[in-house]
Amino acid sequence: MKALFSLIAVLILMLIPLAGVGLANLQGLFGIILPYAAIILFLGGFIYRVIGWARTPVPFRIPTTVGQGKSFDWIKQNKIENPTSNIGVILRMAMEVFLFRSLFRNSKTELRNGENGPQLAHGSNKWLWLFGLMFHWSLLIILIRHLRLFLEPVPAVISSLDSLDSFFQIGLPALYITDILIVAALTFLFLRRVVVPQVKTISLAADYFPLFLLMGIAATGMLMRYIFRVDIAGIKEFAVGLLTFTPHIPEGIGTIFYVHLFFVSCLFAYFPLSKLMHMGGIFMNPTRNMKCNNRMERHINPWNYPVEVHTYEEYENDFRTKMMKAGIPVEKE
8 MKALFSLIAV LILMLIPLAG VGLANLQGLF GIILPYAAII LFLGGFIYRV IGWARTPVPF
68 RIPTTVGQGK SFDWIKQNKI ENPTSNIGVI LRMAMEVFLF RSLFRNSKTE LRNGENGPQL
128 AHGSNKWLWL FGLMFHWSLL IILIRHLRLF LEPVPAVISS LDSLDSFFQI GLPALYITDI
188 LIVAALTFLF LRRVVVPQVK TISLAADYFP LFLLMGIAAT GMLMRYIFRV DIAGIKEFAV
248 GLLTFTPHIP EGIGTIFYVH LFFVSCLFAY FPLSKLMHMG GIFMNPTRNM KCNNRMERHI
308 NPWNYPVEVH TYEEYENDFR TKMMKAGIPV EKE
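Counting from 8, one number per residue, gives the positions in the sequence shown under our numbering.
Here it is as C-alpha cells:
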C-alpha cells in the first residue's frame, strides 16, 4: 500500500507537465520558473540542513571503529579503520564516500531452525553493496555527462567520459552503459523493499517515493534518447540560457522533455526534506569524521559546569533522626 501510494504520487506528477505543457502551453512555468525555484529550494535547504548539523554540539568522542586501535608499538594499528590522525580520517571518509566500505562490511542476520532449535545465522550481504555502488556511480557519471548540455565548448574530459560510457555501441544512437546499470540498480533496490520481509516492514512511503521518482527520471531520459525524437540543439540552447540567467525556450523541444525536467525539479526540491540528504550528512557524521584518540588524549565534556552537590555527610546530618528511627545504620550516632 505504501509503495502504491508513492507510485500514484509520481504518476500524478507526470500528468501535471503533460497537462500544463500539452494543453495549457505553460512552457515558461515548467521550463523556467519551476527549475529556478527547485534549485533555490535545493541549495537553501541543503545549506540549512548542513549548518544545523554543524551547530549541533558533539560533547563526546564517538567514532565508530572496527580495527585495532593505537596501543603498544609491537601491536599493529589499523590506521584506516581506527585512525588517530587527520590523514587516517580523510582516507576512511574517502573509502566510505567512494566505495561504501561500511556497507561492504555489512552482514545479514537470520534466525533459522537448527538441530537443537532456533539458531542465529550470519551471512554475506554484498548484493546490496554492489547495486548501491552501481546506482550512485552511474548517477554521478550521468550527471557529469549532462554537463555537455550546459557548456560550450564541451571540455575534453566530459567528451571522453561520454565516449567511454557508450563504447559498447549497439545501433544508433549509441547505448550508454550507465543507463542500463542505473535501471538495474533501481529495480534491485525496489524489489529488495517489497520482497525481503524485514525491509518491507520498516519501509515507508518516503522510501518508495524517491525510488519511483528516480525511475521516472531515468525512464523519460531514455525515452528521449532512444525512442522519441527531441531537438538536442534546442535543449542545449535552453540549458545554456538557464545557466547564464538568460532563459529562452526554443520551439519544438517536445513535451517529454518537460516531463523529464519537472521530475528533476521535484527531486531537487524534495532532496533537502528527505533521506537523500545522507549525501551531505555523511561528512557531518561524528561516528565517521572523528579521530579515535581516546587513549592518547583526555576529552572533557564542554557542557560540564560547577554543580552544587549534597554530600553524604550533609545528607546524614539532615536525616539522621529519621534514619535511626527507620533502622538505617548511620556513621554518627
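Where is the CB? At the ideal position from N, CA and C, for every residue including glycine.
Cutoff 6 angstroms; reference Thr71; Cβ partners in own chain excluding five residues on either side: Thr294
Stretch-stretch touch, CB-based, cutoff 8 angstroms, three pairs: the segment 160-180 with the segment 198-218: no
Chain-order list of residues whose beta-carbon lies under 7 angstroms from that of Leu218 (same chain, five-residue window excluded): Leu193, Leu196 and Phe197
Phe264 and Met303 closer than 8 angstroms at C-beta: no
Alpha-carbon spacing of Ala128 relative to Leu268, whole angstroms: 46 angstroms
Sub-8 angstroms separation of Ala279 and Phe49 beta-carbons: The sequence given here has Pro at residue 279, not Ala. Cβ atoms of Pro279 and Phe49: closer than 8 angstroms.
Beta-carbon proximity of Leu220 to Cys273, cut-off 8 angstroms: yes
Cα-Cα separation, His285 to Arg56: 11 angstroms
Contact between the segment 110-121 and the segment 131-142 (3+ Cβ pairs under 8 angstroms): yes
Residue closest to Leu182, alpha-carbon to alpha-carbon, out of Phe138, Ala191 and Tyr233: Tyr233
Residue burial classification, Thr328 (beta-carbon count within 10 angstroms, cutoff 16): exposed
Separation of Gln34 from Asn296, as counted between CA atoms: 45 angstroms
Unbroken beta strand (DSSP E) run spanning Gln126, endpoints: Gly124 to Ser131
Counterpart residues of Leu118 in DSSP-defined beta bridges: Leu127
Proximity of Ala225 and Val190 at Cβ, strictly below 8 angstroms: yes
8 angstroms Cβ cutoff met for Ile165 and Leu154: yes
Whether Ala44 touches Phe216 by CB criterion (8 angstroms): no
For Ser281, the first and last residue of its enclosing alpha helix (DSSP H): Careful: Ser281 lies outside any alpha helix (DSSP H) and carries neither H nor E.
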